[in-house]
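Undergrad: Sharing a structure below in structure tokens format, with a few things to ask.
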Amino acid sequence: MYRQYRNRSVILFLLLISFLLAATCQAGDDIKGRMKARLPDLATLKSQGVIGENKQGYLEFKKADKSQEALIKEENGDRQKVYTAIAKQQGVDAALVGSRRALQIAGQADAGTWLQKPDGTWYQK
């Protein structure tokens, strides 16, 4: 049940992102679709401890296996676009948006997910 709630939260977040991006760029639907399509693969990599969520709101490798490097680069690139669009609407820096999102991700992360604290240290939830 918690997983369903978390998945719904992720979907709602993606819908919010899509709405915000649609107001600022036509590519919003493309970004939303790409991010949604990557969710299952990213969840698997997180559960295997291959990747973690850093304090800036981006994914980072935690294991030497970088076979999915292209996937992570694509996700981080889309996150950067989303953070930039939100920052522009709110009149703040994209880095601030990313760090705020990192805190949300940490709160919603599954047990075993690698997360980075604001001081830079890593831990598994």
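Its first residue numbered 2, the sequence shown is counted upward by one per residue in my numbering. Beta carbons are placed, not taken as given, at the ideal position from N, Cα and C, and that holds for glycine.
What are the start and end residues of the alpha helix (DSSP H) that includes Q109?
TA: From DSSP, the alpha helix (DSSP H) with Q109 extends over 95-109.
Undergrad: Return the residue from the list Y59, E75, Y124 that minimises the CA-CA distance to M36.
TA: The residue with the shortest Cα to Cα distance from M36 is E75.
Undergrad: Have a look at D31 and K82 and give me their C-alpha separation to the nearest angstrom.
TA: Using only the alpha carbons, I get a separation of about 12 Å.
Undergrad: Give the DSSP-derived three-state secondary structure of Y124 in the structure shown.
TA: It is a strand residue.
Undergrad: Measure the Cβ-Cβ separation of N169 and L60 and say whether it is below 8 Å.
TA: Residue 169 lies beyond the residue range present for the chain, which begins at 2 and ends at 126; the question has no answer from this structure.
Undergrad: Would D42 pass as an interface residue toward chain D - the criterion being a Cβ-Cβ separation below 8 Å?
TA: Here there is only one protein chain, and chain D is not present.
Undergrad: If L97 sits next to A107, beta carbons under 8 Å apart, how far is it from one beta carbon to the other, in whole angstroms?
TA: Contact doesn't hold; Cβ gap of about 16 Å is too wide.
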